[in-house]
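Data first, discussion second: the structure below is written as structure tokens.
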Amino acid sequence: MSSTLITNIGELVTNDPDAARNGQSLLGAIPDAALVIEGDQVAWTGRAVDAPQADEQYDAGGRAVLPGFVDSHSHLVFAGDRSEEFAARMTGTPYAAGGIRTTVAATRAATDEQLTSHVARLVGEMRRQGTTTVEIKSGYGLTVRDEARSLAVARQFTEETTFLGAHVVPEGDPGEYVELVTGPMLDAAKGHARWIDVFCERGAFDGDQARAVLAAGAAAGLSGRLHANQLTYGPGVRLAAELGLVAVDHCTYLADEDVEALRDSGTIATLLPGVEFSTKQPYPDARRLVDVGVRVALASDCNPGSCFTSSLPLCIALAVREMGMTPAEAVHAATYVGAQALDRDDVGALTVGKRADLIVLDAPSHVHLAYRPGVPLVAATWVGGRPVA
Ligand SMILES: [Zn+2]
5 MSSTLITNIG ELVTNDPDAA RNGQSLLGAI PDAALVIEGD QVAWTGRAVD APQADEQYDA
65 GGRAVLPGFV DSHSHLVFAG DRSEEFAARM TGTPYAAGGI RTTVAATRAA TDEQLTSHVA
125 RLVGEMRRQG TTTVEIKSGY GLTVRDEARS LAVARQFTEE TTFLGAHVVP EGDPGEYVEL
185 VTGPMLDAAK GHARWIDVFC ERGAFDGDQA RAVLAAGAAA GLSGRLHANQ LTYGPGVRLA
245 AELGLVAVDH CTYLADEDVE ALRDSGTIAT LLPGVEFSTK QPYPDARRLV DVGVRVALAS
305 DCNPGSCFTS SLPLCIALAV REMGMTPAEA VHAATYVGAQ ALDRDDVGAL TVGKRADLIV
365 LDAPSHVHLA YRPGVPLVAA TWVGGRPVA
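Note that my numbering has the sequence shown beginning at 5, numbered continuously upward.
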């Protein structure tokens, strides 16, 4: 097994939970650091002066090294373009859940090859911006055939695939559509999916329908997640907490009882500030959640309608500027907590035994991700101990 020493690291963000517990820093940051990779895993971290020898050496030139971003929420399998809808929204047309149907028509008309090459392009775009693990949802097919093939496409790029047949009711009676989703569509999808998700929102699915879909998914062996409380207050966040889901996503409109439910259940609130940026909506209040002990993750929600960014650096900058997070909290939320939101303990940190998924920043510290918004700071992205971008 070959080994690689990355040395001359100005700041190494490890996300070591022991460092955080000992009151050192949330990010377990080590100045003037080095890191040794053996095979595809981290084998050693510490001060550069103490580093052991390795087969190969990489000089980070005083730059920061961080765990790769873990984007726990994206919708990359689609066709078509909704830039005109975005332009209209910027001049006052409000976002509504029904716009999803525009993308559904284009996705159904696309070939498997077109969908695959489109996902490949977006995953490449994500990697160049430092994302090393991505979750990908279906949800723009909304027929048995189109949901199954969307997930088969997603599976070529990630283990973290999510069946989102309950994205919106495409046509016809909502009750009949829920029966389709929980019956034949789930049967066709479950072999390609790890997770099941529901858009629990006015204009999409109500609490009872979400509960039915999640129950059917659980019976088929899929773990649940939810889109909830994005556009208004609703039952979704409390349902996620009651069911003990690992994460509930959006959490923009939260009543006090929703915050208490998140705190008491341990369910992660995944905030998606690119959505509020791209829909001109108020941002979720991350500070309120962090201050009471709710775990907060940040993800892109990359999708053609409400938020077409693939950039976690942008989400970090927004979380700091608009949502009251510190730069350290935002970076932690986009790496360590993102991994927790996917129930993964092999990624999201650079401690011994973790997969060597990392980014080299063209900057001396993680703070620059928020300090220099819009600047392409990710100089290199490594997955499994090898550069991929
Ligand atoms: Zn979403």
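Built from N, CA and C at the ideal position, the CB exists for glycine as well.
- Grab me the residues of residue 386's own chain with a C-beta within less than 6 Å of its C-beta, minus the 5 sequence neighbours each way, in chain order. 362
- Query: For residue 307, is the beta carbon positioned less than 7 Å from some heavy atom of ligand 1?
  - Reply: yes
- Query: Looking only at its own chain, which residues have a Cβ that is under 7 Å from the Cβ of residue 105, when we skip the five neighbours before and after it?
  - Reply: Answer for residue 105: 172, 174, listed in chain order.
- Measure the Cβ-Cβ separation of residue 47 and residue 10 and say whether it is below 8 Å. no
- Task: Tell whether a beta-carbon distance below 8 Å holds between residue 334 and residue 341.
- Result: no
- Message: Please report the straight-line C-alpha distance between residue 21 and residue 203, rounded to a whole angstrom.
- Response: 33 Å
- Is it the case that the Cβ atoms of residue 222 and residue 301 are separated by a distance below 8 Å? Residue 222 is not a Cβ neighbour of residue 301, given a cutoff of 8 Å.
- Query: How should residue 233 be labelled, buried or exposed, when 16 other C-beta atoms within 10 angstroms of its C-beta is the threshold for buried?
  - Reply: Buried: at least 16 other Cβ atoms inside 10 Å.
- Task: Return the first residue and the last residue of the alpha helix (DSSP H) that residue 350 is part of.
- Result: Element bounds for residue 350: n/a, residue is neither H nor E.
- Message: Is the beta carbon of residue 317 closer than 8 Å to that of residue 82?
- Response: No, the Cβ-Cβ distance between residue 82 and residue 317 is not below 8 Å.
- Evaluate residue 213 with the Cβ neighbour count: other Cβ atoms within 10 Å of its Cβ, from every protein chain shown; 16 or more gives buried, anything less gives exposed. buried
- Between the C-alpha atoms of residue 158 and residue 194, what's the straight-line distance to the nearest angstrom? 13 Å
- Task: Specify the secondary structure class of residue 227 as computed by DSSP and reduced to three states.
- Result: Residue 227: strand per DSSP, three-state reduction.
- Beta-bridge pairing of residue 29 - partner residues as DSSP gives them: According to DSSP, residue 29 bridges with nothing at all.
- From which residue to which residue does the beta strand (DSSP E) around residue 61 run? 60 to 63
- Task: Find out if the Cβ-Cβ distance for the pair residue 354, residue 19 is shorter than 8 Å.
- Result: The answer is yes: Cβ separation under 8 Å.
- Message: Rounding to the nearest angstrom, what Cα-Cα distance links residue 165 and residue 326 in this structure?
- Response: Their backbone Cα atoms lie some 30 Å apart in a straight line.
- Could you please give me the residues that DSSP links to residue 45 through a beta bridge? The partner list for residue 45 (beta bridge, DSSP) reads 42, 359.
- Query: Quick one: what's residue 170 bridged to in DSSP?
  - Reply: 202
- Please report how far the alpha carbon of residue 38 lies from the alpha carbon of residue 58, in whole angstroms. 11 Å
- Task: Return the chain-ordered list of same chain residues with a C-beta closer than 7 Å to the C-beta of residue 76, the five sequence neighbours on each side being excluded.
- Result: 139, 251, 274, 301, 303, 342, 345, 346
- By how many angstroms is the C-alpha of residue 160 removed from the C-alpha of residue 153? 11 Å
- Query: With DSSP run on the structure shown, which of helix, strand or coil describes residue 324?
  - Reply: Correct three-state label for residue 324: helix.
- Query: Grouping DSSP H, G and I as helix and E and B as strand, with all else coil, what is residue 391?
  - Reply: strand
- Message: Taking the alpha carbon of residue 466 as the reference point, which residue from 6, 74, 72, 277 has its own alpha carbon closest?
- Response: The chain is shown only over 5 to 393; residue 466 falls outside these bounds and no answer can be derived.
- Query: Do you know whose CA, among 8, 291, 245, lies nearest residue 408's CA?
  - Reply: In this structure the chain extends from 5 to 393, so residue 408 is not present and cannot be described.
- Nearest-angstrom beta carbon gap, residue 243 and residue 271 [assumed within contact, 8 Å]: With a contact defined as Cβ atoms closer than 8 Å, residue 271 and residue 243 miss out at about 10 Å.
- Message: To the nearest angstrom, how far is the alpha carbon of residue 23 from that of residue 135?
- Response: When rounded, the separation of the alpha-carbon atoms in residue 23 and residue 135 is 24 Å.
- Query: Is any heavy atom of ligand 2 found at a distance shorter than 7 Å from the C-beta of residue 336?
  - Reply: Questions concerning ligand 2 fall outside what the structure shown contains, since the ligands it does hold are ligand 1.
- Query: Where does the unbroken alpha helix (DSSP H) through residue 247 begin, and where does it stop?
  - Reply: 240 to 247
- Query: Taking 7 Å as the cut-off, does the CB of residue 122 come closer than this to any heavy atom belonging to ligand 1?
  - Reply: no
- Message: Using a 10 Å radius around the Cβ and a threshold of 16 neighbouring Cβ atoms, would you call residue 72 buried or exposed?
- Response: buried
- Query: Can we count residue 79 as close to ligand 1, meaning its CB is less than 7 Å from some heavy atom?
  - Reply: yes
- Those residues which DSSP pairs with residue 311 across a bridge: 307
- Query: If you compare alpha carbons, which of 146, 89, 167 is closest to residue 155?
  - Reply: Comparing C-alpha distances from residue 155 to each of 146, 89, 167 shows the shortest one belongs to 167.
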